[in-house]
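If you count the sequence shown from 1, you need to add 10 to reach the numbering used here.
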Amino acid sequence: MDVRIKICGICSLQDALSCVRAGADALGFLFGVPRSVRSHIDPSDARGIIRNLPPYISSVLVTTLTEPLAIQELIEQTPVSGIQLHGPLQPDDVRTLRNRNRHMKLIKTVQVVDENALQEARRWEPLVDAVLLDSKGEGGLGGTGRAHDWDLSARVVAELRVPVILAGGLSPGNVAHAIRTVRPFGVDVNSGVTSRPPGKDPQKVEEFVRQVRQAT
């Protein structure tokens with residue numbers, strides 16, 4: 011099966027449609043994150059973009075919030091199809107969100123720093139639809155532009171039963187090697203295809219998609 015592609019940090023309809031034309035399967039919208047994050051977007055703006063997306067394109071809320079009620083409020087403001095949790099939530103918090111949003115895909119981020127990443131990924135496996143492996147960033151959010159230990163990520167993929175998405179420092183220049191090394195279900199990119207933040211560079215997006223397709 012082809013590796014799925016998510017372009018994160020979408021802030022305009024123009025960028026969203028450009029990524030879709032290039033072949034992206036999913037788009038990520040960063041709200042419920044600090045406003046200092048360059049690709050932060052207001053829920054109302056995200057809602058307007060999502061409503062104008064073509065069919066079969068997934069839209070994902072990306073948040074660092076840790077209170078289930080606050081996250082639920084964001085979910086109810088936009089017609090997203092998935093939730094990507096970057097904050098240090100507790101299992102009971104994730105269960106609460108799971109029970110209230112059975113129709114949505116739930117993704118939990120695990121920061122790959124050392125061997126503990128494997129244990130952390132196993133911890134979330136029973137509660138979510140996918141685990142996303144990212145490089146460690148400030149405030150729990152990725153977007154570092156730095157890759158982590160892909161060999162360790164490959165071990166997580168081999169041992170988990172749920173899909174694993176690879177993020178962290180991916181770019182058109184390294185994504186093919188990353189896919190061959192890790193064998194993830196999907197890849198997630200933000201800064202690696204950004205030009206004049208937070209805007210996306212259409213040529214970088216097209217090349218990123220092309221490299222992913224050639225590697226699978």
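Idealized CB from N, CA, C, for every residue including glycine.
Only a predicted model underlies this, so the values are computations on that prediction, with no experimental measurement involved.
Quiz prompt | Simplified DSSP assignment, three categories, for G19 | solution = Indexing the sequence shown from 1 puts residue 19 at position 9. Coil.
Exercise. Name the two residues that bound the continuous beta strand (DSSP E) containing I67.
Key: Walking along the sequence shown from the start, residue 67 turns up at place 57. Under the DSSP assignment, I67 falls outside any beta strand (DSSP E); it carries neither an H nor an E label.
Quiz item: Which first and last residues belong to the alpha helix (DSSP H) in which I51 is found?
Solution: Within the sequence shown, numbered from 1, the residue matching residue 51 stands at position 41. Taken as a continuous stretch (DSSP letters only), I51 belongs to no alpha helix (DSSP H), as it is neither H nor E.
Quiz item: Helix, strand or coil for G202 per DSSP?
Solution: Working through the sequence shown from its first residue, we reach residue 202 at position 192. G202 falls in the helix class under three-state DSSP.
Practice problem: Could you check which residue in L71, I51, R132 has the C-alpha nearest to that of K115? | Solution: Your numbering for residue 115 matches position 105 in the sequence shown. The shortest Cα separation from K115 among L71, I51, R132 belongs to L71.
Quiz item: From R193 to Q100, what distance separates their C-alpha atoms?
Solution: Your numbering for residue 193 matches position 183 in the sequence shown. Your numbering for residue 100 matches position 90 in the sequence shown. So the two alpha carbons sit approximately 28 angstroms from each other.
Practice problem: Mind checking who I60 pairs with in its DSSP beta bridge? | Solution: Indexing the sequence shown from 1 puts residue 60 at position 50. None, per the DSSP bridge assignment.
Practice problem: Please report how far the alpha carbon of H187 lies from the alpha carbon of P173, in whole angstroms. | Solution: Within the sequence shown, residue 187 is the residue found at index 177, counting from 1. Within the sequence shown, residue 173 is the residue found at index 163, counting from 1. Straight-line Cα distance between these residues: approximately 19 angstroms.
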